[in-house]
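Here the structure comes first, spelled out in structure tokens, and everything after it is commentary.
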Amino acid sequence: MKKVTASGKTIEAAVNSGLEQLGTTIDRVKVNVLEQPSRGLFGLFGARPAKVELTLIEEPAAAEPAPAEAEPQEAETAAVEDVMTDAGGSEDEEVAFFEEEDSEPQDPDSRSGEGGAEEAAEAAERFLREVAGAMGITIDISRSETRDGLKLAMSGGEDMGLLIGRRGQTLDALQYLANIVASRSSRERVRIVLDAENFRERRRKTLEGLSERLAQRVVRTGKEIVLEPMTPQERKVIHTALQHHPKVKTFSKGDEPNRRVVITLK
Numbered sequence: 023m024k025k026v027t028a029s030g031k032t033i034e035a036a037v038n039s040g041l042e043q044l045g046t047t048i049d050r051v052k053v054n055v056l057e058q059p060s061r062g063l064f065g066l067f068g069a070r071p072a073k074v075e076l077t078l079i080e081e082p083a084a085a086e087p088a089p090a091e092a093e094p095q096e097a098e099t100a101a102v103e104d105v106m107t108d109a110g111g112s113e114d115e116e117v118a119f120f121e122e123e124d125s126e127p128q129d130p131d132s133r134s135g136e137g138g139a140e141e142a143a144e145a146a147e148r149f150l151r152e153v154a155g156a157m158g159i160t161i162d163i164s165r166s167e168t169r170d171g172l173k174l175a176m177s178g179g180e181d182m183g184l185l186i187g188r189r190g191q192t193l194d195a196l197q198y199l200a201n202i203v204a205s206r207s208s209r210e211r212v213r214i215v216l217d218a219e220n221f222r223e224r225r226r227k228t229l230e231g232l233s234e235r236l237a238q239r240v241v242r243t244g245k246e247i248v249l250e251p252m253t254p255q256e257r258k259v260i261h262t263a264l265q266h267h268p269k270v271k272t273f274s275k276g277d278e279p280n281r282r283v284v285i286t287l288k
């Protein structure tokens, strides 16, 4: 049984690092938290990173699945924190980032659930409603199947911004936790894609527009632009938006959780 040990600033970051090493996703591993992170005195002295052990869940031998569609220069992992900068100076446009600072769910060291995809989805919905209820928000949730997984779309009016957070940070955190809840409730692999008030689509359009403006800047100045660490999904948006650009190209560099996109001349 394949295992890896990984560390990071938060449990989220440590898990992401382990997933990168195994080349897999959260629903295919068992997570054991070895050490909780510590901020140290005043956040300056004695800080200790989180440490986790990930065990790959073995599956019965089966026919090899068809290879997934290649993503432009990307592997599916998780990332943290992100602000827009470039190699030659500052940029006043920012790109989203996600960093979960505090609580983590209990480590999913076993899949005790006996149900299937329906039970997993219901468990995730219950979790989301409980979280929203604790914040004084009543939400409606609709389901739909997408190529990326089971989409749970939340709606609830003006207060939904609290569940989305600054540039989607809270929404990303809820998606991560909802996937763990779903994973523990079912022996079937169910990937939850969480959205709220169509935020994902609006964010995608924002990133596409930003990528075009940055490409023009690279062409104009001749200098490459380096983005600060982004989530794999947002890196993919940048890569896809510029993959057919006649004058610039993109690639990713660095290791999770500090992997970033570079836009440069061809």
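Numbering (the working numbering), first residue to last: 23 to 288.
Where a beta carbon is used, it is the ideal one built from N, C-alpha and C, also for glycine.
Owing to the predicted nature of the structure, the values given are computational and were not obtained by experimental measurement.
Its chain contains 40, 41, 44, 76, 77, 78, 79 as the residues whose beta carbon lies nearer than 8 Å to that of residue 51, once the 5 sequence neighbours on both sides are disregarded; these appear in chain order. For residue 196, the closest alpha carbon among the candidates 233, 164, 152, 232 is that of 152. Where residue 264 is concerned, the enclosing alpha helix (DSSP H) starts and stops at 254-264. The closest CA to that of residue 264, considering only 275, 29, 235, is found on 235. Counting every other CB atom within 10 Å of its CB across the protein chains shown gives residue 266 a total below 16, marking it as exposed. Residue 169 sits exposed, since fewer than 16 C-beta atoms from the chains shown fall within 10 Å of its C-beta.
Residue pairing by DSSP places residue 282 opposite 275 in a beta bridge.
Boundaries around residue 140 are those of the alpha helix (DSSP H), 139-156, since no beta strand (DSSP E) includes it. If you compare the alpha carbons of 149, 36, 46, 53 with that of residue 59, the shortest gap goes to 36. An exposed status is given to residue 156, since fewer than 16 other beta-carbon atoms sit within 10 Å of its beta-carbon. The alpha carbon of residue 154 has as its nearest neighbour, out of 178, 245, 272, the alpha carbon of 178.
Distances from the CA of residue 283 to each of 254, 214, 73 were compared; the closest alpha carbon is that of 254. Remark: C-beta atoms of residue 174 and residue 145 do not approach each other more closely than 9 Å. Per DSSP, residue 201 is one residue of the alpha helix (DSSP H) stretching across 191-207. Close CB contacts of residue 241 within its chain, under the 6 Å cut and outside five residues either way in sequence, are with 269 (chain order). Collapsing the DSSP output to three states places residue 30 in a strand. For a cut-off of 8 Å, the C-beta gap from residue 143 to residue 172 is around 6 Å, short enough to register as a contact. Membership of residue 227 in the alpha helix (DSSP H) is indicated by the continuous run 221-243. In this chain, the beta strand (DSSP E) harbouring residue 216 covers 214-218. Secondary structure of residue 246 (DSSP, three-state): coil. Contact annotation: residue 279 and residue 31 have beta-carbon atoms nearer than 9 Å.
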